[in-house]
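A.B. asks: If you scroll down you'll find the structure; I have some questions about it.
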Amino acid sequence: MMKAITLMLTAASLLLVTHSATAGHHNKPEQADKSYKMQRGSFSYQKMLADVELTTAQQQQLQQLMAEHRSDKPKRERDNSERGAMRQLLQADYFDEVAVTELLQQQQQKRLAQRVAQLKLRHQVNQLLTPDQRQQLADKHQQRKRQWQQRKPEQSQ
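Mapped onto mature numbering (1 follows the signal peptide of the UniProt record, and there is no 0), the consecutive letters of the sequence shown carry residue numbers -23 to -1, 1 to 134.
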């Protein structure tokens, strides 16, 4: 009888230990570096400029360019109208290819305008730099590109 009770207590405690160990596993994020990718909306070119020694005048001009870029940017309020319109088109009784195409073209134009503004800013920042600073930035870009390419095969596994 004592042997059966000991065996049951051991089995119960073993079950509790394994259950609590696996339960804690689900609270952890999958990969710590994924959070970086989620925050990529920030101006990564600015991070690369952190390694370039800028004069105070260049820093002020950079801050002014960034402020102008931010003021030109529409507020990132969640625009559910496009999503709602797409949802309505998908839930309709028939597929309206013309309306879907028009909506997708509007979204594409919006993305294109954002990308043009982004590249314009990068060009303006590049014009602030001296040739040596541009070379430093290009070297840093190549270094990050090599690091990304080395990590790329690991990510696909």
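Even glycine gets a Cβ: it sits at the ideal position worked out from N, Cα and C.
1. How big is the Cα-Cα spacing for arginine 64 and leucine 89?
2. Can you tell me whether aspartate 70 is helix, strand or coil according to DSSP?
3. So, do the segment 66 to 86 and the segment 94 to 111 have three or more beta carbon pairs nearer to each other than 8 Å?
4. Taking only the alpha-carbon atoms, compute the straight-line gap between glutamine 126 and alanine 34 and give it to the nearest angstrom.
5. If you measure between the beta carbons of leucine 114 and leucine 39, is that distance less than 8 Å?
6. Measure the C-alpha to C-alpha separation of glutamine 120 and glutamine 101 and round it to an integer number of angstroms.
7. Run through DSSP, which three-state label would alanine 27 get?
8. Does the Cβ of glutamine 120 lie closer than 7 Å to at least one heavy atom of the ligand NAD?
9. At the level of alpha carbons, what is the spacing between threonine 107 and leucine 42?
10. How would you write the range of the alpha helix (DSSP H) that leucine 106 sits in, first residue to last?
11. So, using beta-carbon positions, are aspartate 49 and lysine 117 closer together than 8 Å?
12. Using the C-alpha atoms, what's the distance from lysine 122 back to arginine 128?
13. Do alanine 76 and leucine 67 have their beta-carbon atoms positioned less than 8 Å apart in this structure?
14. If asparagine 103 and arginine 92 are in contact, beta carbons under 8 Å, what's the gap, nearest whole angstrom?
15. Measuring straight from C-alpha to C-alpha, what distance separates histidine 46 and threonine 32?
C.D. replies: Short version:
1. 23 Å
2. coil
3. no
4. 35 Å
5. no
6. 23 Å
7. coil
8. Only the bare structure without any ligand can be found here, which leaves the ligand NAD out of the picture.
9. Linking threonine 107 to leucine 42 through their CA atoms gives a straight-line distance of about 17 Å.
10. First-last for leucine 106: undefined, no H or E at that position.
11. no
12. 10 Å
13. No.
14. No, asparagine 103 and arginine 92 are not in contact; Cβ-Cβ is about 16 Å, not under 8 Å.
15. 21 Å
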